[in-house]
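Visitor: Below are the C-alpha cells for one structure; questions will follow.
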Amino acid sequence: MLRLLCSNNTPVLDVSFRDPRFRLPEVRFTAANFGLASYTNFYSSSVATLPCVFSFRRLNPYVDRQRIRSVVAAGPMFFPENPIVGDTFAMTCSGCFALSILRIYEETARRGIFDQKLNRKLVHTTIGLAFMLCWPLFSSGYQGAVMAALIPGANIVKVLLIGLGIWKDEATVKSMSRDGDYRELIKGPLYYASTIALSSLIYWRTSPIAIAAICNLCAGDGMADIIGRRFGTKKIPYNKDKSFVGSIAMAAAGFIVSVG
1346 MLRLLCSNNT
1356 PVLDVSFRDP
1366 RFRLPEVRFT
1376 AANFGLASYT
1386 NFYSSSVATL
1396 PCVFSFRRLN
1406 PYVDRQRIRS
1416 VVAAGPMFFP
1426 ENPIVGDTFA
1436 MTCSGCFALS
1446 ILRIYEETAR
1456 RGIFDQKLNR
1466 KLVHTTIGLA
1476 FMLCWPLFSS
1486 GYQGAVMAAL
1496 IPGANIVKVL
1506 LIGLGIWKDE
1516 ATVKSMSRDG
1526 DYRELIKGPL
1536 YYASTIALSS
1546 LIYWRTSPIA
1556 IAAICNLCAG
1566 DGMADIIGRR
1576 FGTKKIPYNK
1586 DKSFVGSIAM
1596 AAAGFIVSVG
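Basically the numbering used here = 1-based index in the sequence shown + 1345.
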C-alpha cells in the first residue's frame, strides 16, 4: 500500500497493487499503457488541480489512445487559437497551390511543350508531393486530416465528372490521359486521387504509412515511367511493358523521397 501526501488539508490517495497470484503479464510502462489522473482539491472553492496527487491506471487501448493523441495534437500553423479557422485557411491555401500547379500543366499540355505522356507523368509526380508539402499548415488531429482530404476529394469529383462525360475539359484530359481519351480519367487519375485522399484521411501526417504510400505513388511510379521509357531497353521477362531500369528507378525514387 502506497500513500501519497501533499499537505495536511488535501485528500489522500491510496494506490493498491494487484495480488501477484492474479497479476497479468507485465506490460511496458509507456504513455500508451498508462494515464496520469489528477484530482481536485475538494476543500477549496476554486477548481484547483493537484499535480502532486496522482495515480496510474491501465488505459483502454482503443479509446484512450485516441484521447492521448487528441491531447498532444498540434494546432494549425495559422490561427492556432481557432483550429477551425486555421484549418480552413490552410485548406484554402493548399487548394489554391494545387490548383495553380494543375493549371500550369494544363497550359503546357495545351501548348504542346511536353509530350502528352511525359506531361501526364509530371502531373503524376509533382501534384501529390506538392500537396504533402502543405500538410504542416493543418492541425495534426483528425480535423486537420478531414480538411486536408477535401482537396483531393474535390479532384475526385472533378475527375469523375470529366471521365463520365458530364463535364467537358479538354485541357485536363490532355494533361492527365495517355491518348487524349476522357474515359481514361476514371481509371488511373481516379485511383491516384482516391489513394491520396484515403491516405490523408486514415493515416494523416502522424504516420509514416501515409508518407511512404504517397511518395511511392507519386515519385516512384512517376519516375519509373519517365526513366523506363527513355533508358529501359531490357524488359522484365514476365512483363514486356516494364523494364529493369524503370523498376529500379521506382524503388530508388520512392525510397529517397519517402526518407526526404
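Just so it is clear, CB atoms sit at the ideal spot from N, CA and C, and this is done for glycine as well.
1. Can you give me the Cβ contacts of F1600 inside the same chain, cut-off strictly under 7 angstroms, excluding the 5 residues immediately before and after it?
2. Would the stretch 1485-1498 and the stretch 1535-1552 be scored as touching if the rule is three or more Cβ pairs under 8 angstroms?
3. Buried or exposed: which applies to L1478, given that a residue is buried once 16 or more other Cβ atoms fall within 10 Å of its Cβ?
4. On the premise that I1572 lies in contact with V1590, defined as a C-beta separation below 8 angstroms, what is that separation, rounded to the nearest angstrom?
5. Opposite K1513 in the DSSP bridges: which residues?
6. If we count the other Cβ atoms within 10 Å of its Cβ and call it buried at 16 or more, is V1602 buried or exposed?
7. When the Cα atoms are used, what is the spatial distance from L1444 to T1517?
8. Would you call T1578 buried or exposed, if buried means 16 or more other Cβ atoms sit within 10 Å of its Cβ?
9. Would you mind stating whether I1531 and L1509 have Cβ atoms separated by less than 8 angstroms?
10. Name the one or two DSSP bridge partners that N1584 has.
11. Compare the C-alpha of V1468 against each of I1458, I1581, S1520 and A1597 and name the closest.
12. The alpha helix (DSSP H) that contains S1522, what's its start and end?
13. So does the stretch 1471-1486 actually touch the stretch 1554-1561, counting three or more Cβ pairs closer than 8 angstroms?
14. Evaluate contact between the stretch 1527-1542 and the stretch 1498-1509, counting only Cβ atoms and requiring at least three cross-stretch pairs below 8 angstroms.
15. Given this structure, state the Cα-to-Cα distance separating E1426 from Y1487, to the nearest angstrom.
16. Tell me which same chain residues have a C-beta within less than 6 angstroms of the C-beta of G1440, skipping the five on either side of it?
17. Using 8 angstroms as the threshold, is the C-beta distance between F1423 and G1431 below it?
18. Taking its Cβ as the centre, do 16 or more other Cβ atoms sit within 10 Å of Y1583, making it buried, or is it exposed?
19. Tell me which residues share the same chain as I1507 and place their Cβ nearer than 8 angstroms to its Cβ, disregarding the 5 neighbours each side in the sequence.
20. If you run the structure through DSSP and keep just helix, strand and coil, what is Y1527?
21. Pull up the distance between the alpha-carbon of R1465 and that of I1446, whole angstroms please.
22. Let me check you understand the geometry: is the CB of L1505 closer than 7 angstroms to at least one non-hydrogen atom of the ligand FAD?
23. Given this structure, state the Cα-to-Cα distance separating I1593 from I1429, to the nearest angstrom.
Guide: With the given structure in hand:
1. none
2. yes
3. exposed
4. 6 angstroms
5. Paired residues: none, contrary to the question.
6. buried
7. 11 angstroms
8. exposed
9. yes
10. I1581
11. S1520
12. Run containing S1522: none; DSSP gives neither H nor E here.
13. yes
14. yes
15. 17 angstroms
16. I1496
17. yes
18. exposed
19. K1513, D1514, T1517, V1518, Y1527 and L1530
20. helix
21. 13 angstroms
22. This structure lacks the ligand FAD; in fact it carries no ligand of any kind.
23. 43 angstroms
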